[in-house]
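If you read the first sequence in UniProt numbering, its first letter stands for residue 1, the second for the next number, and so on.
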Amino acid sequence: MLPAPPFSHGDFVAVLSRCATLAHLKQLHGRSVVTARAASQSTTFQLLRFASLRLSCLPYARRLFDSTPHPNVFLYSAMLSAYAAASPAQAYGHDALALFLRMLRRGRPAPNQFVYPLVLRAACAIGVQLVRSIHSHACKSGFHAYDVIRTSLLDGYSRYGMMLDARKLFDGLTERNVISWTALVSGYARAGKIGDAIVLFDRMPERDVAAWNAMITGCTQNGLFVEAVGICSRMVDEGFQLNGTTVSCVLSACGHLGMLKIGKVVHGYAWRSCVGFGSSVVNGLIDMYGKCGNLKEARWMFDEFSDRSLTTWNSLINCLALHGHSKSAIAVFDEMRDEGIEPDVVTFVGLLNACTHGGFVDEGLTYFKLMCDELRIEPEIEHYGCIVDLLGRAGRFEDAMNVINDMKVQPDEVIWGSLLNACRTHRQLELAEFSVRKLLQLNPNNANYVVMLANLYSEGGSWEEVTKIRKLMKEDIMGKKLPGCSWIEVDRKTHRFYSGDDAHPESEDIYDTLDELAASMEM
DNA sequence: ATAGGGTTAG
């Protein structure tokens, strides 16, 4: 056999950078083996990183790792990074942790300061108890002295809302930088302490794009959408360029507000700047246009975009469901499955909502079955809400109650509310009263429920029942309710509506139109 | 050669 031609390190790096598929990488790997270049762990390191980070091929990365007789600390780190980058993170947390334990058990290679942040990310995906144990391990082994590791710990605690622990770590840092500040700010925001987050953000000595993004997301997580847009504009005023993350966060805020105008401004910004139309930006645009009612534009964006992720599909399905285009939502779902995209929990929220809105009882139940039994996705409260609604509509109250009783989570207002609604259409007085009591336990301030029950009884009621309602009303729940509010932007003007108000100048026409719509819906 | 903060869908 002829000896393999020489294959320098430079050749290797050049070829690696041009690999686009796993097949390319395998060829390069093979050539590295033949030329003995693969004997060097730094070569395996490069191949492993490329397989995991650029090609997202975790199994191949792991095979590279396993084929190395005595992996050094670089290979361990690379493998831990691969697990950290894989999604969903929880799925690989245990694998990552097992690698760390193997290092400790064998005593070599000894973990270094680069290993701890990676292990902490895995620990964080599994549970806060593990964050605690890694923390104490870091203290004992002396690695706690590293600011980067303390920042990882800070982030770990803050993700579980443990802001006192996070704060302690922050205060103990030798040097604070924009990263540790940002970790703290987003921790407070996630924990719902948005006021603290804003104060800290304003006190930050230095901010970068990620810091601004953290503050913007912090606002949207707390429902402060107007503030999120405001911070974004402050960011621009202070001379920062938005990136894809900023754009998607702000578009999400615009969607929640129905601010089509500002959404279009952001769209224009993305067009002019070098942000680019990556999947996060496009997903944000689909969501924003869809939520603002411009489904045509949303659909157009979706059709024009080829690099669709799961979120892209979910955004479109959700928007269609939101606007009552149930059949289209289902069609998009089928199309998605035909393309081999695996749906997730969020997909089914949109899909089941579509079935509920469209009154597709059998389809909804079939999809719910598909989700639970075939795809093994654990349903969340939203899914149960849809199913209870569907069964209720069909008058299948026994089934509905069985679903509620079998739920692994506590039923919420949506669940009992949709059951109550169904009881009303099917004249199930007893179950209706039961639901109302449950609703009042959950939210004693909402007088609507009592009014609904009163209406029910008054339609076919007896004196005995009237007394019941009087009693419920006495439980001092009337008059405390905050009115529901919605708004819409038309020609640069925002029109705001409270439930039942007639303050709008065109109020009469609006109610007439609503009546017409209600009538045509009943047909 | 490797590490810490910011994504969007309900």
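All C-beta atoms, glycine included, are put in the ideal place defined by N, C-alpha and C. Owing to the predicted nature of the structure, the values given are computational and were not obtained by experimental measurement.
### Task
Mind checking which residues open and close the alpha helix (DSSP H) that includes residue 371?
Residue 371 sits at position 371 when you count from the first residue of the first sequence. Looking at the DSSP string, residue 371 is not in any alpha helix (DSSP H), and its letter there is neither H nor E.
### Task
Evaluate residue 327 with the Cβ neighbour count: other Cβ atoms within 10 Å of its Cβ, from every protein chain shown; 16 or more gives buried, anything less gives exposed.
Within the first sequence, residue 327 is the residue found at index 327, counting from 1. Counting Cβ neighbours within 10 Å, residue 327 comes out exposed, since fewer than 16 surround it.
### Task
Sort 409, 319, 420 and 275 by Cα distance to residue 552 and report the nearest one.
The requested residue 552 does not occur in the structure, where the chain is confined to residues 1 to 523.
### Residue ranges of each alpha helix (DSSP H) within the segment 168 to 208, 4 or longer
178 to 190 and 194 to 203
### Message
Between which residues of its own chain and residue 117 is the CB-CB distance below 7 Å, once the five residues before and five after are set aside?
### Response
Sequence index remark: in the first sequence, residue 117 carries index 117 (1-based). These residues qualify, in order along the chain: 148, 149 and 152.
### Query
Can you tell me where the alpha helix (DSSP H) with residue 527 in it begins and where it stops?
In this structure the chain extends from 1 to 523, so residue 527 is not present and cannot be described.
### Message
Once DSSP output is grouped into helix, strand and coil, what is the label at residue 330?
### Response
The count along the first sequence starts at 1 and reaches residue 330 at position 330. Looking at residue 330 - three-state DSSP - the assignment turns out to be helix.
#### Entry: Own chain partners of residue 321 with C-beta closer than 8 Å, once the 5 adjacent residues on each side are dropped
Numbered from its first residue, the first sequence carries residue 321 at position 321. Around residue 321: 329, 350, 351, 353, 354 and 357.
#### Entry: Backbone secondary structure at residue 447 - three-state DSSP
For the purposes of this step, residue 447 is taken as residue 447 along the first sequence, with counting starting at 1. In this structure, residue 447 counts as coil in the three-state DSSP scheme.
### Task
Select from 366, 388 and 162 the residue whose C-alpha is nearest the C-alpha of residue 374.
Along the first sequence, read from residue 1 onward, the residue named residue 374 stands at position 374. Comparing Cα-Cα distances from residue 374 to each of 366, 388 and 162, the minimum goes to 366.
### Query
Nearest to residue 76 by alpha carbon, out of 33, 85, 18 and 96?
Locating residue 76 in the first sequence gives position 76, where the first residue counts as 1. Minimum Cα distance to residue 76 is reached at 96.
### Task
Taking only the alpha-carbon atoms, compute the straight-line gap between residue 323 and residue 331 and give it to the nearest angstrom.
Here residue 323 corresponds to residue number 323 of the first sequence, with the count starting at 1. Here residue 331 corresponds to residue number 331 of the first sequence, with the count starting at 1. Going by the C-alpha atoms only, they are around 15 Å apart.
### Query
Whose C-alpha, out of 32, 409, 79 and 91, is nearest the C-alpha of residue 102?
By 1-based counting over the first sequence, the position of residue 102 is 102. Out of 32, 409, 79 and 91, the CA that lies nearest to the CA of residue 102 is found in 79.
### Query
Taking C-alpha atoms, which residue in 243, 258, 46 and 162 lies nearest to residue 525?
Nothing about residue 525 can be read from this structure; the chain reaches only from 1 to 523.
#### Entry: Length of the line joining the Cα atoms of residue 48 and residue 91
As a working note, residue 48 is residue 48 in the first sequence. As a working note, residue 91 is residue 91 in the first sequence. Spanning the two alpha carbons is a distance of roughly 19 Å.
#### Entry: Helix, strand or coil at residue 59 according to DSSP, with G and I counted as helix
Taking the first sequence and counting its residues from 1, the one referred to as residue 59 is at position 59. Three-state result, residue 59: helix.
### Query
Is it right to say residue 174 is buried, meaning 16 or more other beta carbons lie within 10 angstroms of its own, or is it exposed?
The residue labelled residue 174 in the question sits at position 174 within the first sequence. Exposed is the call here.
### Query
residue 21 by DSSP, collapsed to three states: which one?
In the first sequence, the residue the question calls residue 21 occupies position 21. The three-state secondary structure of residue 21, taken from DSSP, is coil.
### Query
In angstroms, rounded to a whole number, what distance separates the CA positions of residue 145 and residue 135?
Translated into positions along the first sequence, residue 145 becomes position 145. Translated into positions along the first sequence, residue 135 becomes position 135. Roughly 11 Å between the two C-alpha positions.
### Message
Threshold first: 4 residues or longer. Then list the alpha helix (DSSP H) segments lying entirely within the segment 195 to 279, N to C.
### Response
The segment 195 to 279 is shown to contain whole alpha helix (DSSP H) runs of 4 or more residues at 209 to 221, 225 to 237, 244 to 257 and 260 to 272, in chain order.
### Task
May I ask which residues mark the beginning and end of the alpha helix (DSSP H) holding residue 413?
For the purposes of this step, residue 413 is taken as the residue at position 413 of the first sequence. If you look at residue 413, you'll find it in the alpha helix (DSSP H) that goes 413 to 425.
### Query
Where do the ends of the alpha helix (DSSP H) carrying residue 309 lie?
Taking the first sequence and counting its residues from 1, one reaches residue 309 at position 309. Where residue 309 is concerned, there is no enclosing alpha helix (DSSP H), given that its DSSP letter is neither H nor E.
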